[in-house]
Each structure stands twice: as C-alpha cells, then as structure tokens.
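Using full-length UniProt numbering, the letters of the sequence shown correspond one by one to residues 1 to 148.
Positions of the beta carbon are idealized from the N, C-alpha and C atoms, including for glycine.
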Amino acid sequence: MDDSARTTAARFRTAVEKRELGALDELFTEDVRLYSPVKFTPFDGRPAVLGLFGVLLRTFEDFRYVGEFEGAAETGRDGSRAESEILIFRARVDGKEIHGMDLLQFDEAGLIKEFTVMVRPQSAVQALGQAVLTGLIADGLAPEPGTA
Numbered sequence: 001m002d003d004s005a006r007t008t009a010a011r012f013r014t015a016v017e018k019r020e021l022g023a024l025d026e027l028f029t030e031d032v033r034l035y036s037p038v039k040f041t042p043f044d045g046r047p048a049v050l051g052l053f054g055v056l057l058r059t060f061e062d063f064r065y066v067g068e069f070e071g072a073a074e075t076g077r078d079g080s081r082a083e084s085e086i087l088i089f090r091a092r093v094d095g096k097e098i099h100g101m102d103l104l105q106f107d108e109a110g111l112i113k114e115f116t117v118m119v120r121p122q123s124a125v126q127a128l129g130q131a132v133l134t135g136l137i138a139d140g141l142a143p144e145p146g147t148a
C-alpha cells in the first residue's frame with residue numbers, strides 16, 4: 001500500500017478511536033460510498049457518510065480496533081481494484097458485543113473512496129441497525145417510519 005493510503009488509514013483509525021468527527025472530513029473523497037450492514041442501499045457522498053459517522057461515534061460503546069490487514073480488492077462501485085485496508089474492531093451496542101471489520105478502499109490520492117462495514121453476530125447487527133436508525137432520525141438524516 002502506498003504511503004498516502006497508509007497515512008489516511010492511520011489518521012482514520014485515530015479519528016474514530018478518539019471520536020473526532022471533524023478529523024474524518026478530509027479523509028473521504030467527495031463521492032465516497034459506504035456499504036453498511038444495516039441498510040441495503042449504500043450511503044453516498046461525504047455529507048451522508050459523515051452524518052452516519054456522527055451517529056456511529058455516539059452509538060458504539062467501548063469501540064476499539066484490534067487488528068489490520070492491507071492489500072488490494074475489487075470495489076463494489078465499478079469493479080476496479082483499489083488499495084485497501086481492513087481494520088478489525090470490537091465494540092458494544094446496547095450491551096451486545098459486536099465483532100466487525102471496516103474495509104477502506106482508497107483512490108489514487110490516498111483518500112477513502114469506498115467503505116464497507118461487516119458486523120457479527122446477527123443479534124448485534126439488529127441492535128446496531130435500530131440504534132443507527134434512531135440516531136439518524138434524531139439528527140434529521142432519516143424520516144420517521146411511516147412518514148416517507
């Protein structure tokens with residue numbers, strides 16, 4: 001992985017672990033796409049992704065990264081290969097232990113252009129989904145159920 005992507009990955013990890021939402025802004029491309037385990041369609045664009053991170057940083061309890069891997073992988077958007085880093089994490093949501101992985105994929109400038117989150121077990125995915133939806137509604141980023 002090149003130095004710019006490696007630096008972005010390290011800055012991302014630090015920002016998330018310190019819950020510094022503002023530090024994430026310059027790490028994403030304008031058209032970043034985030035694939036979430038709690039929503040079928042991706043979050044598209046920097047404003048939507050940062051809005052989601054605002055909710056996630058409030059939602060996760062005892063969030064910590066516990067490992068990483070780097071390499072290259074095909075992107076979901078266009079099938080091109082991109083430099084990538086996987087960050088393995090552990091956390092809790094509503095008392096449920098979560099194990100997960102963040103797949104960060106970088107553009108030529110080393111910014112995050114695609115982000116995929118995988119979470120287990122299923123009960124944790126359900127708890128996370130409900131907590132994220134509640135947070136998105138509270139922040140005005142999603143409609144109340146039955147109002148859209």
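| request: Could you give the DSSP three-state label for E61: helix, strand or coil? | output: Reduced to three states, the DSSP call for E61 is strand.
| query | If you draw a straight line from the C-alpha of V55 to the C-alpha of D2, how long is it? | reply | Each residue's Cα considered, the two are about 31 Å apart.
| said: Let me make sure I understand the geometry here. Which of P42, I98 and G140 has the alpha-carbon closest to that of Y65? | reply: I98
| field | Residues of its chain near Q122, where Cβ-Cβ distance is below 6 Å and the 5 sequence neighbours each way are ignored | value | none
| request: Please name the residue, chosen from R92, E30 and L57, that lies closest to E114 on a Cα-to-Cα basis. | output: E30
| request: Please say whether A9 and residue 165 have beta carbons closer to each other than 9 Å? | output: No answer is possible for residue 165: it lies beyond the span of the chain, which begins at 1 and ends at 148.
| Short check: CB of D62 to CB of R90, under 9 Å? | Closer than 9 Å, so yes.
| task | For F53, collect the residues of the same chain with a Cβ closer than 7 Å to its Cβ; drop the 5 residues on either side in sequence, then sort them by chain order. | result | L21 and L24
| request: Tell me G135's beta-bridge partners as DSSP assigns them. | output: Paired residues: none, contrary to the question.
| C-alpha gap between G110 and D78, whole angstroms | 18 Å
| message | Which residue wins for smallest C-alpha separation from T134, given the options T59, R92, K96 and E70? | response | T59
| CA-CA distance, H93 and T41? | As written in the sequence, residue 93 is Val, which differs from the His given in the question. Their Cα atoms are separated by approximately 22 Å.
| task | Please go through the same chain and pick out, in chain order, the residues whose beta-carbon is closer than 7 Å to the beta-carbon of R13, but skip the five residues on each side of it. | result | Y65 and L87
| Which runs of the beta strand (DSSP E), 3 residues or longer, sit entirely within the UniProt domain "SnoaL-like" (10-114)? | 28-35, 61-74, 81-93 and 96-106
| Taking just the CA atoms, how far does Y35 sit from E26? | 19 Å
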